[in-house]
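Just below is one structure, and these are the notes that go with it.
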Amino acid sequence: MPSLDLFLQPEIFLAWTSALKTVVILGIVLTMVAYSVWAERKVSAFIQDRIGPNRVGWAGLIQPIADGVKLLLKENFVPAGVNKFYFSIAPSLAMVPAILVLAVLPFGSTLFGVPMVIADLDIGVLWVFAVSSLGVYGIVLAGWASNSKYPFLGGIRSSSQMISYELSLGLSVIPVFMITGTLNLGEIVQYQVDNGWMVFPAWLQSGAGPLEITTDSGAMFGLSLEKSLLWIPMMISFVVFMIAMFAETNRVPFDLPEAEQELVGGYHTEYSSMRFALFFLGEYAAMIAGAGFIVTLFLGGWSLPFIPDGSQGWVWGLINIGVFFAKVAAIIFFFLWVRWTLPRFRFDQLMKLGWYVFFEVALVNIFITAGILAYLKS
Amino acid sequence: MATVVSRPKLSLLERSYFPAILGGLWITIKHFVKMTFGQTKVTMQYPEQKWDSAMPEWYRGAPTLVRDEHGRERCVACQLCEFICPPRAITIKPGELPEKDKWAKVEKYPRAFDIDMIRCIYCGLCEEVCPEQAIFLRKDYSITGLTRAEMVHDKEKLYELGGVMNGLVHKWNEKK
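Rendered as structure tokens:
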């Protein structure tokens, strides 16, 4: 059949599979965004001994649609005195980077031989850092273009928060690359499949450890000396990275740009209707992308011990995708849980924490990792 | 005199925030888990659940008209309630009972009996003043409507809300 051959030509195959993956992943992530808003309300209610949304659909499950319709139907108000051009593009600038980050995240192993990542970049991690820090432009522009003091303060806070945290965010993942020796996110996941997750390196595909147990599938459970030594810097990295991610995604306890009690609404005070919704969605999309990034770097991505990857059959490929999103959901639950536990940091405390503590910890951690690697090599 | 507040000296572990953060997370997850398994008492879900069963017999809700166990309408259109009603919520149009009627010796009945529930203040004076035990304040307290006209209870609606009241004095019976 000539038409089928056309679809199987390498370039065209790449094009349509990528397009399909993009559509599917956007669908999944935007649904997750809508439902993480629902989850936020439900979790906050449960933690505060309330019931939460329960009117629209069973347990309020249709609430996100009702919210969306409400926001679409509202008047899109533009206050007098704003810089109209920047005021209009700022919401998109907040939304787009969060979505772009998804392009390099490996959300599954393979399905029918197609790798489950939209763009398998060798500089995947650099791409994430480069793009996700652009998100702050949306906030800064919104704050500045609104021509109003509270959004302005929010924008300023956002930019200074970013420079305090971007450094420790970047430095804290360097030990991961030193161990895996690659910047490609897919290969980092593959390393964790073979050598155990970064935060819990308790299973190995090969290697000799004092505590190892061999299972039928050939995978082994155990903790070698090498693993347990490298575990220490990995845990430090994980904690620093996680906390920096909270700051990066403007979550409590670092939600200073949108501190409601101090700044009314922060950078989006002057926004309404769908423009406001874009900020809102962008924030949650950034949360999901950040959670995906944490999962990929430290929690073994799509892998689960003793579960084969997609090369063993499409069922396993689907299970891998499910595992990835389950882990992302767990991290998001942690984000929500922390939000309803901790109070907000004061601004000088945040700067102090970023510059005096996490920057140094991340830097020292690199040298610890280098020392351990050198010791293991000798 | 300046008051010196002595700050407790924190250990290195305490200054790292981690014990406090973990303690806080433990508290919130306990609340979350208890709520998830339905062990937490929550606010009553009002329109679905109501306090009605806990309401006393003498509850002063909406005024209603009642029939007795013979099915006779108790009101004789004396208009005392109309006159005593402080916000003037009650309007009665009296009519004469036909001579053939079983209760002809009562002579009068209300042709129309309207209570404007926007005006009613639930004071209960109508019930107190009624010589015929015809008007009672029952337990309905959630009187709503979309228009002003809907908020005026006519005779039919008043009997529907009031229903039958047993154990009243029957002073118009044959032998009396």
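Chains Z and L, in that order, give the protein sequences.
Sequential numbering from 1 applies to the first sequence in this note's numbering.
Sequential numbering from 1001 applies to the second sequence in this note's numbering.
Each residue gets a CB set at the ideal place from its N, CA and C atoms; glycine is no exception.
Original post:
I think Val176 (chain Z) touches Ser237 (chain Z), with their Cβ atoms under 8 Å apart; what is that distance to the nearest whole Å?
Top reply: In the first sequence, the residue the question calls residue 176 (chain Z) occupies position 176. In the first sequence, the residue the question calls residue 237 (chain Z) occupies position 237. About 6 Å separates the two Cβ atoms, so the contact holds.
**OP:** Provide the residue span of the alpha helix (DSSP H) that contains Tyr356 (chain Z), from first to last.
**Re:** For the purposes of this step, residue 356 (chain Z) is taken as the residue at position 356 of the first sequence. That residue, Tyr356 (chain Z), is in no alpha helix (DSSP H); it is neither H nor E in DSSP.
Original post:
Is it true that the CB of Phe254 (chain Z) sits closer than 8 Å to the CB of Phe246 (chain Z)?
Top reply: To locate residue 246 (chain Z), count along the first sequence from 1; it is residue 246. To locate residue 254 (chain Z), count along the first sequence from 1; it is residue 254. Yes.
Original post:
Rounded to the nearest angstrom, how far is the Cβ of Val1164 (chain L) from that of Gln1133 (chain L), given a contact under 8 Å?
Top reply: Locating residue 1164 (chain L) in the second sequence gives position 164, counting from the first residue. Locating residue 1133 (chain L) in the second sequence gives position 133, counting from the first residue. Not quite, the Cβ-Cβ distance comes to about 13 Å (not below 8 Å), so this is no contact.
Original post:
Along the segment 311-341 of chain Z, what residues have a CB closer than 8 Å to any CB found in chain L?
Top reply: Trp337, Val338, Trp340 and Thr341
Original post:
Three or more beta-carbon pairs under 8 Å between the segment 96-115 of chain Z and the segment 54-74 of chain Z, yes or no?
Top reply: no
Original post:
Hey, Val29 (chain Z) and Ala285 (chain Z): beta-carbon distance below 8 Å or not?
Top reply: If you number the first sequence from 1, residue 29 (chain Z) lands on position 29. If you number the first sequence from 1, residue 285 (chain Z) lands on position 285. Closer than 8 Å, so yes.
Original post:
Can you tell me whether DSSP reads Val1164 (chain L) as helix, strand or coil?
Top reply: Here the question's residue 1164 (chain L) lines up with position 164 in the second sequence. Strand.
**OP:** Give me the Cβ distance between Ala1077 (chain L) and Tyr1122 (chain L), rounded to the nearest whole Å; I'm assuming they're in contact under 8 Å.
**Re:** The residue given as residue 1077 (chain L) occupies position 77 in the second sequence. The residue given as residue 1122 (chain L) occupies position 122 in the second sequence. The C-beta distance from Ala1077 (chain L) to Tyr1122 (chain L) rounds to 23 Å, too long to meet the 8 Å contact threshold.
Original post:
Taking the runs of the beta strand (DSSP E) that are 3 residues or longer, which of them lie wholly in the segment 1052-1113 of chain L?
Top reply: 1063-1065 and 1090-1096
**OP:** Would you mind sorting Asp1101 (chain L) into buried or exposed? The rule is 16 or more other CB atoms within 10 Å of its CB.
**Re:** On the second sequence, position 101 is the one that residue 1101 (chain L) refers to. By the neighbour-count rule (16 or more Cβ atoms within 10 Å), Asp1101 (chain L) is not buried but exposed.
Original post:
Can you tell me the Cα-Cα spacing of Phe347 (chain Z) and Trp355 (chain Z), whole angstroms?
Top reply: On the first sequence, residue 347 (chain Z) is found 347 positions in, with the first residue counted as 1. On the first sequence, residue 355 (chain Z) is found 355 positions in, with the first residue counted as 1. Going by the C-alpha atoms only, they are around 12 Å apart.
Subject >> Three-way DSSP call (helix, strand, coil) for Val114 (chain Z) in this model >> reply: Position 114 of the first sequence, counted from the first residue, corresponds to residue 114 (chain Z). Strand, per DSSP.
**OP:** Starting from the beta carbon of Ile51 (chain Z), find every residue of chain L whose beta carbon is closer than 9 Å, and list them in chain order.
**Re:** Locating residue 51 (chain Z) in the first sequence gives position 51, counting from the first residue. Correct list: Met1035, Val1042, Thr1043 and Gln1045.
**OP:** With a threshold of 7 Å, establish whether the CB of Trp316 (chain Z) neighbours any heavy atom of the ligand HEM.
**Re:** You won't find the ligand HEM in this model; it holds no ligand whatsoever.
Original post:
Looking at Ser168 (chain Z) and Ala362 (chain Z), is the spacing between their C-beta atoms short of 8 Å?
Top reply: If you number the first sequence from 1, residue 362 (chain Z) lands on position 362. If you number the first sequence from 1, residue 168 (chain Z) lands on position 168. In contact: Ala362 (chain Z) and Ser168 (chain Z) (Cβ atoms closer than 8 Å).
Original post:
Going by beta carbon distance, what residues of the same chain come within less than 7 Å of Ser206 (chain Z), once the five residues before and after it are set aside?
Top reply: Residue 206 (chain Z) sits at position 206 when you count from the first residue of the first sequence. Bear in mind that a pLDDT of 49 at Ser206 (chain Z), under 50, signals an unreliable position, so the number given afterwards is only what the model happens to contain. Contacts found: none.
Subject >> Residue from Z:Gly371, Z:Phe77 and Z:Phe112 with nearest C-alpha to Gly313 (chain Z) >> reply: For the purposes of this step, residue 313 (chain Z) is taken as the residue at position 313 of the first sequence. Answer by Cα proximity: Z:Phe112.
Original post:
Can at least three beta-carbon pairs, one atom from the segment 131-150 of chain Z and one from the segment 332-341 of chain Z, be found at a separation below 8 Å?
Top reply: By the Cβ test, the segment 131-150 of chain Z is not in contact with the segment 332-341 of chain Z, since fewer than three Cβ pairs between them sit closer than 8 Å.
Original post:
Which value, in whole angstroms, describes the spacing of the CA atoms of Thr1064 (chain L) and Cys1126 (chain L)?
Top reply: The sequence position of residue 1064 (chain L) within the second sequence is 64, counting from 1. The sequence position of residue 1126 (chain L) within the second sequence is 126, counting from 1. About 10 Å.
Original post:
Using DSSP with H/G/I as helix, E/B as strand and the rest coil, what is Asp255 (chain Z)?
Top reply: As a first step, residue 255 (chain Z) is located in the first sequence; it is residue number 255 there, counting from the start. Looking at Asp255 (chain Z) - three-state DSSP - the assignment turns out to be coil, as it is neither helix nor strand.
Subject >> Backbone CA spacing between Pro64 (chain Z) and Val43 (chain Z) [nearest angstrom] >> reply: For the purposes of this step, residue 64 (chain Z) is taken as residue 64 along the first sequence, with counting starting at 1. For the purposes of this step, residue 43 (chain Z) is taken as residue 43 along the first sequence, with counting starting at 1. One C-alpha to the other measures close to 15 Å.
Original post:
Candidates Z:Glu262, Z:Pro201 and Z:Gln190: which alpha carbon is nearest Met235 (chain Z)'s?
Top reply: The sequence position of residue 235 (chain Z) within the first sequence is 235, counting from 1. Of Z:Glu262, Z:Pro201 and Z:Gln190, the residue nearest in Cα terms is Z:Pro201.
**OP:** Report the option in Z:Asn54, Z:Asn83 and Z:Phe345 whose CA atom is closest to the CA atom of Gln261 (chain Z).
**Re:** Locating residue 261 (chain Z) in the first sequence gives position 261, where the first residue counts as 1. For the residues Z:Asn54, Z:Asn83 and Z:Phe345, the minimum Cα distance to Gln261 (chain Z) belongs to Z:Phe345.
Subject >> Test: Leu1158 (chain L) CB closer than 8 Å to a CB of chain Z >> reply: Your numbering for residue 1158 (chain L) matches position 158 in the second sequence. Not a single CB atom of chain Z sits nearer than 8 Å to the CB of Leu1158 (chain L).
Original post:
Does the separation of the CB atoms of Leu278 (chain Z) and Gly154 (chain Z) fall below 8 Å?
Top reply: Here residue 278 (chain Z) corresponds to residue number 278 of the first sequence, with the count starting at 1. Here residue 154 (chain Z) corresponds to residue number 154 of the first sequence, with the count starting at 1. No, Cβ-Cβ distance for Leu278 (chain Z) and Gly154 (chain Z) is not below 8 Å.
Subject >> contact_flag[the segment 293-306 of chain Z, the segment 2-12 of chain Z] where n(CB pairs < 8 Å) is 3 or more >> reply: no
Original post:
What did DSSP end up calling Asp49 (chain Z) once you bin it into helix, strand or coil?
Top reply: Start at 1 with the first residue of the first sequence, and residue 49 (chain Z) comes out as number 49. If DSSP states are grouped into helix, strand and coil, Asp49 (chain Z) belongs with coil.
Original post:
For Ile332 (chain Z), is the classification buried or exposed, using 16 other Cβ atoms within 10 angstroms of its Cβ as the cut-off for buried?
Top reply: One-based indexing of the first sequence puts residue 332 (chain Z) at position 332. Under this definition Ile332 (chain Z) is a buried residue.
Original post:
Is the beta carbon of Trp90 (chain Z) sitting closer than 8 Å to the one on Ala19 (chain Z)?
Top reply: By 1-based counting over the first sequence, the position of residue 90 (chain Z) is 90. By 1-based counting over the first sequence, the position of residue 19 (chain Z) is 19. Residue identity check: residue 90 (chain Z) is Ala in the sequence provided, not Trp. Taking 8 Å as the Cβ cut-off, Ala90 (chain Z) and Ala19 (chain Z) do not qualify as a contacting pair.
**OP:** Figure out for me which residue from L:Val1152, L:Lys1139 and L:Gly1162 has the closest Cα to the Cα of Ala1054 (chain L).
**Re:** Here residue 1054 (chain L) refers to the residue found at position 54 of the second sequence. If we check each option's Cα against that of Ala1054 (chain L), L:Lys1139 comes out closest.
Original post:
Thinking just about the alpha-carbon of each residue, which of Z:Phe335, Z:Ile232, Z:Leu299 and Z:Pro106 is nearest to the one in Leu373 (chain Z)?
Top reply: Position 373 of the first sequence, counting from 1, holds the residue named residue 373 (chain Z). Proximity to Leu373 (chain Z) across Z:Phe335, Z:Ile232, Z:Leu299 and Z:Pro106 peaks at Z:Ile232, based on C-alpha coordinates.
Subject >> Residue span of the beta strand (DSSP E) that contains Ile1135 (chain L), given as start and end >> reply: For the purposes of this step, residue 1135 (chain L) is identified with residue 135 of the second sequence, where counting begins at 1. Unbroken beta strand (DSSP E) run through Ile1135 (chain L): Ile1135 to Leu1137.
Original post:
Are the C-beta of Gly1024 (chain L) and some C-beta of chain Z separated by less than 8 Å?
Top reply: Walking along the second sequence from the start, residue 1024 (chain L) turns up at place 24. Chain Z contact via Cβ: present.
Original post:
Sorted by chain position, which residues of the same chain lie with C-beta nearer than 7 Å to Cys1130 (chain L)'s C-beta, five sequence neighbours on each side aside?
Top reply: Taking the second sequence and counting its residues from 1, the one referred to as residue 1130 (chain L) is at position 130. Hits under 7 Å: Leu1080 and Cys1081.
Original post:
What are the boundary residues of the alpha helix (DSSP H) that Thr1028 (chain L) is part of?
Top reply: Looking up residue 1028 (chain L) in the second sequence gives position 28. Phe1018 to Thr1036 is the span of the alpha helix (DSSP H), which, as asked, contains Thr1028 (chain L).
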